[in-house]
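Residue numbers (full-length UniProt numbering), protein chains in the order written: chain A, 1 to 325; chain B, 1 to 325.
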């Protein structure tokens, strides 16, 4: 692609994604210059995705872009932060056609609007390798209020947002071209391709949390991370793990397993520690119609994960988490 | 590489690069949380480099890392910003050996220390393609003081830092394995591989500039950008363009050309517009021993670049700039 191609692309497709942010300087300067409110801290996260590793070349480009945006927004949510601006780097293979890039940009535009998250800058390069995208997301938290992974205490409630396991089952669903799964298949594939960052829960409940992280590598592995850095253990009652109707159906039909639900990746739900005294606040939140928050266990003094399956038996996963690396 | 490999790498090589920044949370959380001083704006820039496009696989890994850091610092300097923190994404080919990665990290560590620029986060992924690195650099400017490309006015002095053309000649030098160029060859290759971000000039003179950008794609092309967004033209007296002793020697020996000097990339010097009244400030700066600032022409009302070669003849480049894209 020529230099003219780069500038043309930026002007045509990406500059509109910056239009709501004057500090982006219409993507014509060396850097963006953003106003920040006094009394806040800056929360910064970065995620990279590579064709053939994190997505397949025949995945819909719109959803690739939206997932990239949303996994970063999910990281901001996990810190209790509010989105401020994003920076996108695209490494395009020379053979990639304009239609693919246009579809990618249109998916991004949808989420720039949905989350009021402008693309305030970035870089565009060519690569002899696979398409590679890196998004840097900036967010804001009132100073001193960021929710870390390390704050869980023995006796805390262990809770999750939304439903668990849809990401892993959704990966299966997205890879099955036969359509035999019907509406459930479409639902799960969409859950895999377009995760929902739980910014509403972050905005509403972060002030009550002791700890939070987002579940990207599987509930069991990510719970292990929280326990490790917090110096606590945890018990999980799998009968209380919230499942979508689709996941319940696939589990009943033997199309999915508890192993996949508990250890699969790509859920992008929040895993949270609340003091026991916050139970009524969680109940009030759920009554208010926000993204459901479900208590599935407790954090415990000492170390170790203790999982109990729906039949009341101790349960141990074969593997501890999905890895993209 | 295994997930254990990723966490091991981060812990061993990258966590020390974050150690000076408590907000990096030792790279163990979903995101970094940085304190920002009141009354400042956040300056953000991103650069990506791809093996085989922006560097060669046999380039020294230390200098690849340092150049990545420095081209971003150069963008911050061009805005008049002070470095605050960086975020690094590495896409490593599966076959890359640990020694290469360790050398890369050691180069980065040198510049993290030299510029007090911690790596406060990032992402590490594997790729079936070439090694690809993306750095997001955050900097700070007192609110309202960022120097944009768009502020040049007719009558302004056109000035540059350091010496011009070493980047393009250095690329040639770095690609010649015969060593016939001696000390000049080594000097130029080093200038190409390890550019010097002109943060001292930014800190000392930004308050006097009308406009600034860093020269990455060649003096002529980048001057064209400043003129275009500022709505002005420019004249350049090539006899005043500052050349290193090495560049002068290569020019005299026919190993380099004015075409390469004026339109080659990778200088990472600053191109600046100053009001004519700032001439004595520039003189005082130069007398103080900072990175030399040289007036090479003037910005003019209207449009168009008018270049005069050292013999006093009008000069037009064959091409207008180097492109990585």
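The beta carbon of each residue, even a glycine, is placed where N, CA and C say it ideally should be.
Fair warning: this is a prediction, and the values are worked out from it, not measured in the lab.
Check	Outcome
Local Cβ density within 10 Å of residue 118/B, reported as buried at 16 or more and exposed below that	buried
Neighbourhood of residue 9/A by C-beta distance below 7 Å, restricted to the same chain and skipping five residues each side	101, 124
Residue 126/B (DSSP reduced to helix, strand or coil)	strand
Same chain, Cβ closer than 6 Å to residue 281/A, neighbours up to 5 away in sequence not counted	208
Residue 263/B, buried or exposed, once every other Cβ within 10 Å from all chains shown has been counted against 16	buried
Range of the contiguous alpha helix (DSSP H) that encloses residue 117/B	Note, residue 117/B: premise wrong, no alpha helix (DSSP H); not H, not E.
CB contact flag (residue 246/B, residue 80/B, <8 Å)	no
Three-state secondary structure assigned by DSSP to residue 324/B	For residue 324/B, the predicted model reports a pLDDT of 38, less than 50, meaning its position is unreliable and no value from the coordinates is stated.
Close Cβ partners of residue 150/B (< 6 Å) along its chain, the five nearest in sequence each way excluded	229, 230
Exposure of residue 41/A, with buried meaning 16 or more beta-carbon neighbours within 10 Å	buried
Complete runs of the beta strand (DSSP E) confined to the region 30 to 78 of chain A [at least 3 residues]	32 to 34, 40 to 50
Cα-Cα separation, residue 274/A to residue 211/A	7 Å
Any C-beta of chain A under 8 Å from that of residue 270/B	no
Distance between residue 28/B and residue 319/A (C-alpha atoms, nearest Å)	22 Å
Nearest candidate by alpha-carbon position, reference residue 197/A, set 268/A, 254/A, 249/A	268/A
Cβ contact check for the region 181 to 196 of chain A and the region 237 to 246 of chain A: 3 or more pairs under 8 Å	yes
DSSP state of residue 101/B mapped onto helix, strand, coil	helix
With 16 other Cβ atoms within 10 Å as the buried cut-off, status of residue 74/B	buried
Closest Cα partner of residue 141/A within the set 36/A, 57/A, 292/A, 103/A	36/A
Rounded straight-line distance, which links the Cα of residue 213/B to that of residue 271/B	5 Å
Residues that residue 41/B contacts on chain A, provided the C-beta gap is smaller than 8 Å	23, 33, 34, 35, 36
Within-8 Å CB hit, residue 121/A to chain B	yes
Test: residue 20/B CB closer than 8 Å to a CB of chain A	no
Partners in chain B for residue 257/A, counting only beta-carbon separations shorter than 8 Å	Near residue 257/A there are no residues of chain B at all, since even the closest Cβ is about 21 Å away, more than 8 Å.
Own chain partners of residue 260/A with C-beta closer than 7 Å, once the 5 adjacent residues on each side are dropped	165, 168, 169
Residue 148/B (DSSP reduced to helix, strand or coil)	coil
The region 139 to 152 of chain B: positions lying closer than 8 Å to chain A by Cβ	139, 141, 143, 146, 148, 149, 150
Inter-stretch contact (C-beta, 8 Å, three-pair minimum) for the region 56 to 72 of chain A and the region 106 to 117 of chain A	yes
Nonlocal neighbours in the same chain, by C-beta distance under 6 Å from residue 302/B, ignoring five residues either side	233
Residues of its chain near residue 184/B, where Cβ-Cβ distance is below 6 Å and the 5 sequence neighbours each way are ignored	246, 249
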